[in-house]
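Chemist:
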Amino acid sequence: YGVWERSEKKAAVHYPAIKSFDSLEEMLADDAIDLVVVNTPTYTHYDFTKKALEHNKHVLVEKAFTATAEEAEELVRIAEEKKLLLGVFQNRRYDSDLKTVKKVLDSGELGDIKEAEFRWDRYTLELSAKAHKETRNAGSGLLHDLGPHLIDQAIYLFGMPASLFGFLASTRQDSVVNDYFDILLFYKSFNVRLKSSLIVKGPQPSFILHGTAGSFLKTRADVQEDELKQSIKPGGANWGREPESEQGLLHTKDGITAVTTEQGNYMELYDGWYQSLLHKTALPVSGSDAVKVMRIIAAVQKSNGEKRVVALS
898 YGVWERSEKK
908 AAVHYPAIKS
918 FDSLEEMLAD
928 DAIDLVVVNT
938 PTYTHYDFTK
948 KALEHNKHVL
958 VEKAFTATAE
968 EAEELVRIAE
978 EKKLLLGVFQ
988 NRRYDSDLKT
998 VKKVLDSGEL
1008 GDIKEAEFRW
1018 DRYTLELSAK
1028 AHKETRNAGS
1038 GLLHDLGPHL
1048 IDQAIYLFGM
1058 PASLFGFLAS
1068 TRQDSVVNDY
1078 FDILLFYKSF
1088 NVRLKSSLIV
1098 KGPQPSFILH
1108 GTAGSFLKTR
1118 ADVQEDELKQ
1128 SIKPGGANWG
1138 REPESEQGLL
1148 HTKDGITAVT
1158 TEQGNYMELY
1168 DGWYQSLLHK
1178 TALPVSGSDA
1188 VKVMRIIAAV
1198 QKSNGEKRVV
1208 ALS
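Under my numbering, the first residue of the sequence shown is numbered 898, with each subsequent residue one higher.
Here it is in structure tokens:
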């Protein structure tokens, strides 16, 4: 329908019939708009989302939901008071690799989980050309960038932990924001480790799970982001299909088995929103779900600052 374009007007190149708004206020004043998607730098999410809610719009926000847990909680309160839908685009729930991990967990073939490790590593020594990513602000740094993906995946699969220990660091030359994190989530009978670094040259498994009956190792190989960058439109039969060479390995008493990878599909989130808007079903990822992610981020910052384990209420 329409998009707010602050500088160059590019949307019409691909969507000639689309409206291009010159300001947020102009867009929010359009009564034909029911849903606003906020896909801007993290430090702007709170302000833009609050304004959209105040104009009685449903809102889907890019991760990280907000810069702080307090901002996230306030937005959820506003949405609830106004009976509006508020959700967050935690698209990595719909990655082929995570869907495969969930399939293995649900199968029970690992037995009781005792340990899991999720990693998201890159090799990027240079600072980002996007200034907001390399400038100290409430939403900058790797913890707010890739952290929400890993944290949400852990909550999605295992629920909220009882406590955690977190460590943050700046490892690249001249970096002033955190570009490394190591988070240990403590559950009742197992631990989950979440790690991310921008200085990892050699590839390693991104998902490692150990249980009483077996282990599962899987690379992070979802292809959807690369397909979008190539202007491939979602929906084809081969959309979101990983190469067979990236299959995860299941280790049990019967030996080692390659597990067929599930098909990734970000469109499942939008299908869920369609059902929520028209049929009042539960949102795929609600604002309340994302508040949990923000509370863990806040606890990681507290743990890093105080160098201690932090309990989660």
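We put the beta carbon where it would ideally sit given N, CA and C, even for glycine. These figures come from a predicted structure and were not determined experimentally.
#1: Assuming contact is defined by CB atoms lying nearer than 8 angstroms, are T997 and G1145 in contact in what I supplied?
#2: E1143 and K1000 - do their beta-carbons sit closer together than 8 angstroms?
#3: Would you say A969 and V1188 are within 8 angstroms of each other, going by their C-beta atoms?
#4: From the DSSP secondary-structure annotation, give me the bridge partner or partners of G1108.
#5: Grab the span of the alpha helix (DSSP H) containing F945 for me, first residue to last.
#6: By Cβ distance below 7 angstroms, which residues in the same chain neighbour T1149 in space, the five residues on each side in sequence not counted?
#7: Taking the alpha-carbon of D1079 as reference, which of L921, S917, L925 and K1204 has the nearest alpha-carbon?
#8: Per DSSP, which one or two residues make a beta bridge with K1115?
#9: Per DSSP, which one or two residues make a beta bridge with H955?
#10: Determine the closest residue to L1211 out of K948, A908, Y943 and I915, with distance taken between C-alpha atoms.
#11: Could you check where the beta strand (DSSP E) with D919 kicks off and where it finishes?
#12: Near L983, which residues of its chain fall below 6 angstroms by C-beta distance, leaving aside the five closest residues on each side in sequence?
#13: Cα-Cα, which of L925, E978, E1031 and A1013 is closest to N1075?
#14: If you measure between the beta carbons of F986 and L1175, is that distance less than 8 angstroms?
#15: Look at the alpha carbon of R1069 and the alpha carbon of D931, and state the distance between them as a whole number of angstroms.
#16: Among residues of its own chain, excluding the 5 on either side of A1208, which ones have a beta-carbon nearer than 8 angstroms to its beta-carbon?
#17: Exposed or buried, S1103, counting other C-beta atoms within 10 Å across all chains shown (16 or more means buried)?
#18: For a cutoff of 8 angstroms on Cβ pairs, would you count V900 as touching chain C?
#19: CB-CB under 7 angstroms to Y991, same chain, minus the five flanking residues each way: which ones, in chain order?
#20: Have a look at L1114, G1099, G1169 and T939 and flag the residue whose alpha-carbon is nearest the alpha-carbon of Y1020.
#21: What did DSSP end up calling W1017 once you bin it into helix, strand or coil?
#22: Do you know how far the Cα of G1152 is from the Cα of Y1171?
#23: Keeping to the same chain, check which residues put their C-beta closer than 7 angstroms to that of T1157; ignore five residues upstream and five downstream.
#24: Taking the Cβ atom as the reference point for each residue, do L1065 and L1043 lie within a distance shorter than 8 angstroms?
#25: Roughly how many whole angstroms lie between the Cα atoms of Y1077 and S1067?
#26: Considering only DSSP beta bridges, list what R1090 is partnered with.
#27: In or out: E1124 buried (at least 16 other Cβ within 10 Å) or exposed?
#28: How many angstroms separate the CA atom of I1052 from the CA atom of Y1084?
#29: Alpha carbon to alpha carbon, how far is A966 from E923? Give it in angstroms, no decimals.
#30: D944 to Q1121, Cα distance in whole Å?
#31: What are the start and end residues of the alpha helix (DSSP H) that includes T892?
#32: Where are the beta strand (DSSP E) runs, 3 residues long or more, that stay fully inside the segment 954 to 991, in chain order?
#33: Hey, would you say H952 sits closer than 8 angstroms to L925, going by beta carbons?
#34: Give every residue of the same chain whose Cβ lies closer than 6 angstroms to the Cβ of T1178, excluding the five residues on either side of it in the sequence, and list them in chain order.
Modeler: For this structure:
#1: Yes, they are a contact pair.
#2: no
#3: Yes, the Cβ-Cβ distance between A969 and V1188 is below 8 angstroms.
#4: G1108 pairs with I1010.
#5: T939 to E951
#6: E1006, A1110 and G1111.
#7: K1204
#8: Per DSSP, F1104.
#9: L932
#10: This structure gives no information on residue 1211, because the portion of the chain shown stretches from 898 to 1210.
#11: Element bounds for D919: n/a, residue is neither H nor E.
#12: Apart from the 5 residues on each side of it in sequence, L983 sits with its Cβ closer than 6 angstroms to the Cβ of V956, A976 and G1184 in its chain, given in chain order.
#13: Checking every option, the nearest Cα to that of N1075 belongs to E1031.
#14: no
#15: Distance between the alpha carbons of R1069 and D931 is about 43 angstroms.
#16: A1059 and S1060
#17: buried
#18: Any reference to chain C falls outside this structure, which holds one protein chain only.
#19: G1161, N1162, Y1163, E1165 and L1166
#20: G1099
#21: strand
#22: 43 angstroms
#23: Q1144
#24: no
#25: Distance between the alpha carbons of Y1077 and S1067 is about 6 angstroms.
#26: E1014 and L1081
#27: Counting of Cβ neighbours within 10 angstroms places E1124 among the buried residues, the total reaching 16 or more.
#28: When rounded, the distance between both Cα atoms is 11 angstroms.
#29: 29 angstroms
#30: 30 angstroms
#31: For residue 892 there is no data in the structure shown, the boundaries of the chain being 898 and 1210.
#32: 955 to 959 and 983 to 986
#33: yes
#34: Q1172
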